Amino acid sequence: MASLTVENYVKTIFQITSSQSGRPANTGQIATALGVAPGTVTSMLKTLDAARLATHKPYEGVSLSRAGKMLALRVLRRHRLIELFLMRSLGLSWDEVHDEAEHMEHAVSDLLVDRIDTFLGFPDVDPHGDPIPKIDGESLLEPNELASCLLAECENGYGFCLSRVLDQSPAFLKYLTESGLTLGVCGVVQRNPDGAGLMRIKVNSKSKSNVLAIAIETAFKLVVKESSIKKG
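Residues in the sequence shown are numbered from 231 upward in steps of one, following this note's numbering.
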């Protein structure tokens, strides 16, 4: 069984490389993500290379081997199913589940995770819209049939539904909740850009509509898919 540290490293490397079209992750990125010193990362990458979980080339970065990717997907599967279980069954909010799942993902067995998957009805995504890898190790990078894009890239009149949140820090998720920008909410882009680094959107939630001015920086953290809503 892989150690907690090994699991955290392969998961982090997988997430970094996936976010940059498969390009190797560098030491600085990994150190920042894990909150450790670059020297600590370098030492661990040598360990991962020796265990054939990753290929590390100095000055080029690190990529996971097939075994490393499979391990990373197992950890992500555990983490995301636990998050969804905590939200649906115990009533935790989407800004609370991440830290709890971080603690639990290394302790639960694959048997328990599979039972959770069955209990939840074999969901495709977690509370933040991240795809949940399947039991056979398959990762659905885009589980939705409809194409998705970043909200910041949408033009005026584009009807959208929020399908994924890339920044999952508690403070950001609480801000989204207060703004009515929860997963699955639909709306339309009224004006992009709206001046001063903002864009204006109209969001439909709980039988009412709200017009929001959000920072372009925020919109780059929101993944949306097209909806039938049109500018009215």
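Ideal Cβ placement from N, Cα and C applies to all residues, glycine included. Source: prediction; values computed, not measured.
Using CA coordinates, which residue listed in the options is at the minimum distance from residue i?
i: residue 390; options: 381, 328, 305, 398; result: 381
i: residue 266; options: 323, 242, 397; result: 242
i: residue 310; options: 321, 356, 326; result: 356
i: residue 238; options: 263, 247, 251; result: 263
i: residue 293; options: 410, 414, 250; result: 250
i: residue 423; options: 395, 393, 439, 385; result: 385
i: residue 413; options: 432, 420, 443, 453; result: 453
i: residue 307; options: 295, 323, 280, 338; result: 338
i: residue 359; options: 233, 378, 322; result: 378
Just mark residue i as buried or exposed, buried being the case when its beta carbon has 16 or more other beta carbons within 10 Å.
i: residue 333; result: exposed
i: residue 448; result: buried
i: residue 315; result: buried
i: residue 388; result: buried
Using DSSP with H/G/I as helix, E/B as strand and the rest coil, what is residue i?
i: residue 420; result: strand
i: residue 434; result: strand
i: residue 456; result: strand
i: residue 286; result: strand
i: residue 321; result: coil
Using the C-alpha atoms, what's the distance from residue j back to residue i?
i: residue 312; j: residue 301; result: 17 Å
i: residue 261; j: residue 336; result: 20 Å
i: residue 383; j: residue 329; result: 30 Å
i: residue 441; j: residue 282; result: 52 Å
i: residue 365; j: residue 400; result: 28 Å
i: residue 256; j: residue 291; result: 4 Å
i: residue 325; j: residue 331; result: 11 Å
Would you list the residues sitting across from residue i in a DSSP beta bridge?
i: residue 442; result: 431
i: residue 379; result: 454
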